[in-house]
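Heads up, the thing below is written out as structure tokens.
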Amino acid sequence: MLKYVTHKDPHTKEEWIETTLTGKQLLTMALLNKGTAFSQQERIELKLLGKLPCRVETLDEQVNRAKNQFARYTSNLQKYIYLNNLHDKNEVLFYKLLYEDLTETLPLIYTPGVSAAVKEFSHEFRQPRGLYIDYPNRDKMSEILDNRTHAEIKLIVVTDGERILGIGDQGIGGMDIPVAKLVVYSLCGINPYHAIPIMLDVGTDNQDLLNNPLYLGWRHPRLRGQEYDDFIHQFVELIHQKFPNSLLHWEDFGIQNARRILEKYRTFHCSFNDDMQGTGVVTLAAALAAVHATKVPWHEQRIVIFGAGTAGVGIADQLYGAIVRNGVSPEKARDQFYLIDRHGLLIEGMSMAPFQLPYARKGQEQVKWQGKTDLLSVVKEIRPTILIGCSTVRNAFTEEVVRAMTQGVAQPIIFPLSNPNENSEADAADLVAWSQGKALIATGSPFMPVAYQGKAYRITQCNNALSFPGIGIGSIVSQANEVTDNMLWAAALAISERAPVLQDPTLPLLPTVDTITELAIDVAMAVAKQAMQDNMANLKPALDLDTFIQENIWRPYYRAIKLKK
Ligand code: NAI
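See below:
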């Protein structure tokens, strides 16, 4: 296990690292490796003399070289592989390079770019990262967790690869998602030393993967039922035992598992599900900004959500909370929702998942909706003020649907959130044209600005990267027992307060992704403050919270490294 100690000079606040690693071992440890930036003194002390070309470079000089190398790659997958290799060799340089141009690098290393890497995982595999816990090795789970590279873990991002982005069951390839999430966390301030991605390999039902001779995962149909639940339980128990103050971030679990796992363990170990809660928070933040812009009060909103799965119901939960917080009774607030899944509008009496039930329309409405439960019919009947898509059904928001919505509403709020772009419920340019430029739009994946009747419309990206890093950092820094609904609400408010549209109605509903590093600090502050107010925090910082968070934020620069005697 990699053990090093970071020291901080109490006066200058400068950090330096003490390690027992020397020579080649040090050069191959990505978290400590500085390559040509090791100083002459470090080279002597750490037995690196002769292992590096003589010139000592600065981080900026290294970044320039890396930028030139990066620019030579043309395909997004090649660029992803280049960045990943750098990640495996020198973490500080990797993060510094990403920082230089987040608008270009983030979509490559995170969504949507990472989806190509996930699909090609077994073909492009070069070097493992994180931990793989496969079901056949379940008896050795404790040993596997002890085989981690870093000692002090505060953040675990775990997946079982069943529902990756909008591209379904990707088996072992799903590992690229926790890796990508942790990259975003570290860009925003989590020390990579404290974080670990974990793949729970419970097989796959993706027949193409099972038939692929290069497939690297457990070649077995996906585990279900009691065996699956016992495996998850064993995992959570061990995490709780080994890393009691950590945040467990659940990522891309299937619809039948995501919510029940979160609900089962949420109060046992500090847990967060990004697909439900992170998505809910960022969408709520966009909706708060949009509702503010339209000036239609919350109690008058009529909300249609198309695709009532993990994200759809997660978003409904956050919007419902917002309506209730605005003084509407719980019953009336529920009545403002119309959720549509693959068998049409959810109405009591239909077969549906338990988590969808709270949003089902009352049984007595069955007659009213007879034969008219499809999206277009519901939109014509309800004239929703807000329409959200989380179905992965490409182009489900047709011209007829959008025009019908626009007829009843001055400024319709339309969020086609399915990823990647080819699964989006609508193309941004179509939404602008069909609504004659009136719609307030946010999409799941990035879209280029749209030109319409001489005006340029910038399309808001409802990117979870705006929410989960701050929620995670705030929970970790405050050592929260739980991520409460109040903490999520505080996060949404913090994001929406920075909505560019509040300054100028032609600007986007959410901050852009190039601001995530500063935004995460604001969100973390709000979340940690709320954790303290909710009596969920185990930490009572001696300093004021703002200074405390700033002092606990990791940024990519080289710390001096000394040999531990
Ligand atoms: P999920 O699999 O849990 O839910 C999808 C739902 O859509 C299911 O309930 C399914 O039955 C329903 N559906 C499928 N076909 C349908 C049809 N023809 N009509 C109506 N409903 C239909 O998946 P999850 O996690 O909810 O994700 C859905 C999409 O949302 C994905 O593309 C994902 O990438 C995207 N998403 C976007 C986020 C963002 O923009 N920030 C964050 C999380 C998810």
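So the sequence shown is residues 15 to 579, counted in the working numbering.
Note that CB positions come from ideal geometry on N, CA and C, so glycine has one too.
When the alpha-carbon of T173 is set against those of F135, I246, N151 and A453, the nearest one is in I246. In the three-state DSSP reduction, W312 falls in the helix class (H, G or I). In the structure shown, the three-state DSSP call for S285 is strand. Runs of the beta strand (DSSP E) spanning 3 or more residues and lying entirely within the region 246-279 occur at 261-264, in chain order.
In this structure, the straight-line span from the alpha carbon of R236 to that of P311 is close to 46 Å. Between the ligand NAI and the CB of D355, the shortest heavy atom gap is smaller than 7 Å.
Annotation: R573 to T26 spans about 13 Å, alpha carbon to alpha carbon. Cβ-Cβ separation between V541 and G484: approximately 6 Å, consistent with a contact (criterion under 8 Å). Per DSSP, the unbroken beta strand (DSSP E) holding V19 starts and ends at Y18 to K22. When DSSP assignments are scanned along the region 69-123, the uninterrupted stretches of alpha helix (DSSP H) that are 4 or more residues long and fall wholly within it turn out to be 73-85, 90-103, 105-114 and 116-123. Shortest gap from the CB of A322 to any heavy atom of the ligand NAI: under 7 Å.
L276 places its beta carbon 8 Å or farther from that of A336.
Between K256 and I317, the alpha-carbon positions lie close to 43 Å from each other. Boundaries of the beta strand (DSSP E) harbouring M213: A209 to D215, taken from the DSSP string. Look at the beta carbons and you see the region 350-363 not touching the region 516-532: under three pairs across the two are nearer than 8 Å. From the listed residues T42, G328 and A347, the smallest Cα separation to D102 is found for T42. Counting along the chain, T33 sits inside the beta strand (DSSP E) bounded by residues E29 to T33. Judged by the Cβ position, A443 fails to qualify as a neighbour of the ligand NAI at the 7 Å threshold, every heavy atom of the ligand being at least this far.
Residue range F351 to D355 is occupied by the beta strand (DSSP E) that includes F351.
Our two residues, P570 and Q39, have alpha carbons roughly 21 Å apart in a direct line. The three-state secondary structure of L360, taken from DSSP, is coil. Annotated as proximal: D536 and A508, with beta-carbon spacing under 8 Å.
In this structure, the ligand NAI has no non-hydrogen atom nearer than 7 Å to the beta-carbon of I427.
Annotation for V515 indicates a beta carbon at 7 Å or more from all heavy atoms of the ligand NAI.
T520 sits in coil when the DSSP states are folded into three classes, being neither helix nor strand. Contact between K543 and T34 does not hold, since their C-beta atoms are separated by about 39 Å, which reaches or exceeds 8 Å. Per DSSP, reduced to three states, the secondary structure at A513 is coil, with no helix or strand assignment.
Cβ contact annotation for D183 (same chain, cutoff 6 Å, sequence separation greater than five): E176, T218, D219 and N220, in chain order.
The C-alpha of P372 is placed about 26 Å away from the C-alpha of T457.
Y466 sits exposed, since fewer than 16 C-beta atoms from the chains shown fall within 10 Å of its C-beta.
Nearest Cα to M213 within the set W232, N226 and N205: W232. Under the three-state reduction of DSSP, A538 is assigned to helix. DSSP, reduced to helix, strand and coil, places G127 outside both helices and strands of the structure shown, so it counts as coil. Residue pairing of P344 in beta bridges, as defined by DSSP: absent, with no partner found. Distances from the CA of P368 to each of I269, C404 and S432 were compared; the closest alpha carbon is that of I269.
Cβ contact annotation for G488 (same chain, cutoff 6 Å, sequence separation greater than five): A538, V541 and A542, in chain order.
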